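Colleague: Taken in order, these protein sequences are the chains called A and B. Heads up, the final residue of the first sequence is numbered 1248 in this note's numbering, and it's a clean run with no missing numbers. Heads up, the final residue of the second sequence is numbered 1248 in this note's numbering, and it's a clean run with no missing numbers. Take a look at this one; I'll ask things after.
There are 2 protein chains.
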Amino acid sequence: MEEEKIEKIMEIALKRAFFWPTAEFYSDRQAGFYDYGPYGVMLKNNIINLWRKIFLSEEENIIEIDGSQILPESVFIASGHLQHFTDPLVGCPRCNFKARADKLIEEKVKKQISEKLPLSEYDKLIQKYKIKCPKCGSSLKKTENWNMMLRTEIGVDFKKCYLRPETCQSIFASFPRIYRTMRVKLPFGIAQVGKSFRNEVSPRQGLVRLREFTQAEIEIFFNPERDICMEKVKEEILPLYIENKILKIKCGEAVKKKIISCNLIAYYLALLKNFSIKAGLPEEKIRFRYVDKEKPFYAKETWDFECLTSLGWLELCACNHRGDYDLIRHQKVSGKSFEIVDETTNKKIIPNIFELSLGIDRLVLALLDTNYKEDAQNERVLFTFKPYIAPIFVAVFPLVKKGGMSEIAKQIYHELKKDFSCFYDDSGSIGRRYRRQDEIGTPFCITIDSQTLQDNTVTIRERDSMQQIRVSKEKIKEELKDYKL
Amino acid sequence: MEEEKIEKIMEIALKRAFFWPTAEFYSDRQAGFYDYGPYGVMLKNNIINLWRKIFLSEEENIIEIDGSQILPESVFIASGHLQHFTDPLVGCPRCNFKARADKLIEEKVKKQISEKLPLSEYDKLIQKYKIKCPKCGSSLKKTENWNMMLRTEIGVDFKKCYLRPETCQSIFASFPRIYRTMRVKLPFGIAQVGKSFRNEVSPRQGLVRLREFTQAEIEIFFNPERDICMEKVKEEILPLYIENKILKIKCGEAVKKKIISCNLIAYYLALLKNFSIKAGLPEEKIRFRYVDKEKPFYAKETWDFECLTSLGWLELCACNHRGDYDLIRHQKVSGKSFEIVDETTNKKIIPNIFELSLGIDRLVLALLDTNYKEDAQNERVLFTFKPYIAPIFVAVFPLVKKGGMSEIAKQIYHELKKDFSCFYDDSGSIGRRYRRQDEIGTPFCITIDSQTLQDNTVTIRERDSMQQIRVSKEKIKEELKDYKL
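As structure tokens, then:
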């Protein structure tokens, strides 16, 4: 049932050019890569615009940079990725089959296996459960560490470089310059939207586990000895998920009870919750999962922001208290001072970092999944996107091409195009045209009919209710403008 | 003098965090990589927004996709890049020095050497001019082809993949799907903004020749047997540069005289000219250079759109008639049909392609260069950016912090922030604050002074004229809104 749903969504995504597998017609195409088509690009860009609005425009202390995706090796010596960013890989000496050890064991024992065990533990489990190569039946080799960074070589002397596995390393590596030139005061954030790359052993179908993906990351730099005030969000309720139990608790309360370690973290979790609801995730399908043993190697406190989809609970944003790990490491490897003076306490410190690491592709998928609706009664499927998230904001149709309706429709279309993402369609029956727009989640459709020719009114049809109102054509913009971001 | 200018601009760029060399504090940093800082990101995004407005919103037949940057090898077998995308490289057998053969010879003979000669020609010139290794004086090895694509390996079986050297290959490789799903009719365009990568032998300083760079490409698919009408731009004048002479000629005229091969090409050259002027390039500093012998390997007709900067004429956008080269090659290698039916003629064809391949980083540099102004009389430097291109649209200052001015200034700032990119500053003398904004090109500064406390008026200071007008604080938005995009 649920699997069926995700298949239907993927079908629409392909049919309507939201996205498709990269280089799909080539025999050497690789799994884990997707291209976004026209509606996918608009959906993605609308999500990023909302993210910029909530975290950059409406906040006062977060600035945005755009760093290179290729970085030299020493950045990843500093970050720890060269040493720690690995998956356990097991291989067959005979047929060359390879797989992630944890996943291979999971398949056999039908329960979850951690991806963070010491390598010898996997070998023990493989022995214990008598796991052989699933291709040829041979005994498997010892489990190895598989570094997930993609490598490349730069210049005529082939200098080893890596494609960043997370956008934030650009932020850390340039921290001293950004701090000095931008005249910022603690606490402040540096944000970045861009591509990251991970050489996954087994990328999952669709947009869940990609090898090339878009992140929107925010790194908040703060003095851990000086917490912030959070009046603005104190009463906001956070859905925390701790040891298999959901706890709905006010931000203020959660900090007071030491469930969340400080106001600053609670503040940004609340902001993230509000962003995600504004983007269109249903409030009852989101939670912050407290991550204990499976934390990333650099994290002191981790909350995974998850959404319930038909694939189960899906992590969309990792919220990590990274402590002073990153800046101390980068200071050490670069030899440059990463210390700054906190103007409030007038003391030199290495700031701590709290990050919101959002996966844009997964959010796209979660929105498609949670906003998908089958309306059997009206023989249609639709996406109930928020109007400012929908790829097309408004479509314009002449009821028929003749009698001057096309001309008026084109005029209206050209006028609306200046302010909205707009689509013109005059082919097929009006019912089919509505269905097509439903299928890409267009919230409003305007139809020019014979009455328009008489009294200059048009109909505006609302997607979810299918209700139509009739307004003067001069009033269309007025009617729609409040639904914009 | 001119070199001095570019150095000054680079100094401001660093000081004001427009951009900086990637991983600048690390000993193994690589040339040819730059990070954009906060003002650089805003400038770049404003340019991209203008590009989207002119080419996507205001045109009706261009759609946008966002493809993967990493593509499998066969895509570049199809595109020809694996075979042809090379620079001539010469090396020293003793000290391992390496350089581009054409550049090395140029330095010696002080005239321009083509980068497209047969390899043996370079060897002949090296012999003729007795060129030795500039590091150790040894005789040089034979010139080789150096492929400029960056390689990486994907998955546990290390499949060879490449970072795309131009964004358009994603467009070509997915052409059949985009055509089928988007219900488009010839001629139509597919656009893309994104990163491309070239392993340059000698990247140039600054943003001119990067190894990782942002392109905004548009590929127009058309039936060469069916030209378009171009009423809209017929009278537009194009500055063509052919065989060392400038020719200012109307679009219609240029096609009639067969200087430009068809209306469609003239139409898009005119659009590009209008875009670049709207972005802020001075009309007298742009030209379309007719490229004859130095054309890319896939091109039938090439016009390089250039801007006169203090580095000389700089190519910003390559305008290439690629013929049916790409689609025929991709069809052959993939085994998938790339043929479509032109609905107007009802015949099956492989479309031709005309492309506008714009380098965003170079446009950023050209805007910094041509918009830079020294105003010695007022002891200031400024960028005369168009208001919708400037990183900050409006800055808000309280004249002094006391007396309630800060509170009013903050209110105004928060109100303006909803509609404009806005900056608040209350530190230092008002003169210094104006200078700081001049230096990042902010067109408007609003000051709250003692008169504000009495009559609710503020001053708006215009950057270029330094003139101030006084308006009621309720009228600020009204006053500024026409300068938005």
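Don't be surprised by glycine CBs; every beta carbon is placed ideally from N, CA and C. Bear in mind that the values here come from a model prediction, so they are computed numbers and not experimental data.
Is H1311 of chain A buried or exposed, if buried means 16 or more other CB atoms sit within 10 Å of its CB?
Modeller: Residue 1311 of chain A is absent from the structure shown; chain A starts at 764 and stops at 1248.
Colleague: Within the 9 Å Cβ cut-off, does S902 of chain A reach chain B?
Modeller: S902 of chain A does not count as touching chain B.
Colleague: Assess, as a yes-or-no matter, whether the stretch 1154-1174 of chain A is touched by the stretch 1196-1214 of chain A under the definition of 3 or more beta carbon pairs within less than 8 Å.
Modeller: Taking 8 Å as the limit for Cβ pairs, the verdict is that the stretch 1154-1174 of chain A does touch the stretch 1196-1214 of chain A.
Colleague: Quick one: what's got a C-beta closer than 6 Å to F935 of chain A's C-beta in the same chain, skipping five residues either side?
Modeller: Counting only Cβ-Cβ distances below 6 Å, and skipping sequence neighbours, we find D1089, H1093.
Colleague: Let me check one thing: in DSSP terms, what residues is D1067 of chain A bridge-paired to?
Modeller: Paired residues: A:R1052, A:A1081.
Colleague: Check the Cβ-Cβ distances between G918 of chain B and every residue of chain A, and say whether any is below 9 Å.
Modeller: It does; some Cβ of chain A falls within 9 Å.
Colleague: For K904 of chain A, which residues in the same chain have their Cβ closer than 8 Å to its Cβ, ignoring the five residues on either side in sequence?
Modeller: Counting only Cβ-Cβ distances below 8 Å, and skipping sequence neighbours, we find V853, G854, C855, P856.
Colleague: How do the stretch 1073-1091 of chain A and the stretch 911-928 of chain A stand: do at least 3 beta-carbon pairs fall below 8 Å, yes or no?
Modeller: No, the stretch 1073-1091 of chain A is not in contact with the stretch 911-928 of chain A.
Colleague: Please go through the same chain and pick out, in chain order, the residues whose beta-carbon is closer than 6 Å to the beta-carbon of V1104 of chain A, but skip the five residues on each side of it.
Modeller: Cβ neighbours of V1104 of chain A beyond the five flanking positions: K1111.
Colleague: Thinking C-alpha only, which one of A:L845, A:R940, A:D1201, A:Y789 is nearest I841 of chain B?
Modeller: Here the sequence assigns Ala to residue 841 of chain B, which means Ile is not the residue at that position. Residue A:Y789 is the option with its Cα nearest to A841 of chain B.
Colleague: How many angstroms separate the CA atom of N908 of chain B from the CA atom of R972 of chain B?
Modeller: Approximately 19 Å, taken between the alpha carbons.
Colleague: Is the shortest distance between the beta-carbon of N809 of chain B and the beta-carbons of chain A less than 9 Å?
Modeller: So, not an interface residue.
Colleague: Can you pull the DSSP bridge partners for R1143 of chain B?
Modeller: DSSP, once it has assigned bridges, lists B:D1138 as partnering R1143 of chain B.
Colleague: Contact between the stretch 967-982 of chain A and the stretch 1133-1143 of chain A is defined here as three or more beta-carbon pairs at a separation below 8 Å; is this criterion met?
Modeller: Touching, no, given that fewer than three Cβ pairs across the two stretches are closer than 8 Å.
Colleague: When the cut-off is 9 Å and only beta carbons count, does G821 of chain A lie next to chain B?
Modeller: Per the sequence presented here, residue 821 of chain A reads as Glu, with Gly not at that position. Yes, because at least one Cβ of chain B sits closer than 9 Å to the Cβ of E821 of chain A.
Colleague: Could you give the uninterrupted runs of the alpha helix (DSSP H) lying entirely in the stretch 879-924 of chain A, keeping only those of 4 residues or more?
Modeller: Whole alpha helix (DSSP H) segments, 4+ residues: 882-891.
Colleague: If I follow the unbroken beta strand (DSSP E) through E1016 of chain B, where does it start and stop?
Modeller: No beta strand (DSSP E) contains E1016 of chain B, which is instead part of the alpha helix (DSSP H) from 1014-1019.
Colleague: Could you run through the stretch 1206-1219 of chain A and flag, in chain order, every residue whose CB is less than 9 Å away from some CB of chain B?
Modeller: If the cut-off is 9 Å between Cβ atoms, the stretch 1206-1219 of chain A has nothing near chain B.
Colleague: If we call anything under 9 Å between Cβ atoms a contact, is S1120 of chain B one with Q1217 of chain B?
Modeller: No, the Cβ-Cβ distance between S1120 of chain B and Q1217 of chain B is not below 9 Å.
Colleague: Check whether the Cβ atoms of K1041 of chain B and C1014 of chain B sit closer than 9 Å, and answer yes or no.
Modeller: Not closer than 9 Å, so no.
Colleague: To which residues of the same chain is G830 of chain A closer than 6 Å at the C-beta, ignoring the five residues directly before and after it?
Modeller: Within the same chain, G830 of chain A has close Cβ partners S933.
Colleague: Between K871 of chain A and L1079 of chain A, what straight-line distance do the alpha-carbon atoms span, to the nearest angstrom?
Modeller: The straight-line gap from Cα to Cα measures roughly 28 Å.
Colleague: Which ranges does the alpha helix (DSSP H) cover as unbroken runs of at least 4 residues, wholly within the stretch 1167-1239 of chain B, from first to last along the chain?
Modeller: Listed in chain order, they are 1168-1180, 1193-1203, 1213-1218.
Colleague: Which chain A residues sit within Cβ distance under 7 Å of M945 of chain B?
Modeller: The answer, in chain order, is A780, P801.
Colleague: Can you give me the C-alpha to C-alpha distance between V804 of chain A and T1065 of chain A, rounded to a whole angstrom?
Modeller: Using only the alpha carbons, I get a separation of about 31 Å.
Colleague: Mapping the DSSP letters down to three states, classify K1247 of chain B as helix, strand or coil.
Modeller: K1247 of chain B: coil per DSSP, three-state reduction.
Colleague: For chain A, is any of its Cβ atoms less than 9 Å away from the one on D1087 of chain B?
Modeller: Not one chain A Cβ lies under 9 Å of D1087 of chain B.
Colleague: On the DSSP bridge list, what partners appear for K1095 of chain B?
Modeller: Note: K1095 of chain B sits in no beta bridge, so no partner.
Colleague: Measuring straight from C-alpha to C-alpha, what distance separates R961 of chain A and L913 of chain A?
Modeller: The alpha-carbon atoms of R961 of chain A and L913 of chain A are separated by roughly 6 Å.
Colleague: Report back the beta-carbon spacing between I1223 of chain B and E1242 of chain B to the nearest angstrom; my notes put them in contact at under 8 Å.
Modeller: That pair is a contact at about 6 Å.
Colleague: Report the residue from A:S883, A:K873, A:N1115 whose alpha carbon sits nearest the alpha carbon of R989 of chain A.
Modeller: Cα-wise, what sits closest to R989 of chain A is A:N1115.
Colleague: Helix, strand or coil for E770 of chain A per DSSP?
Modeller: The answer is helix: DSSP assigns E770 of chain A an H, G or I state.
Colleague: Under 9 Å between the Cβ atoms of L1027 of chain A and F1101 of chain A?
Modeller: No.
Colleague: Helix, strand or coil for S831 of chain A per DSSP?
Modeller: Three-state result, S831 of chain A: coil.
Colleague: Spatial neighbours of V1144 of chain B within its chain, please: C-beta separation below 8 Å, excluding the five flanking residues on both sides.
Modeller: Correct list, in chain order: K771, I775, Y1135, K1136, E1137, D1138, D1201, E1202.
Colleague: Taking the continuous alpha helix (DSSP H) assigned at Q723 of chain B, which residues delimit it?
Modeller: Past the edges of chain B, shown from 764 to 1248, lies residue 723 of chain B, and the structure says nothing about it.
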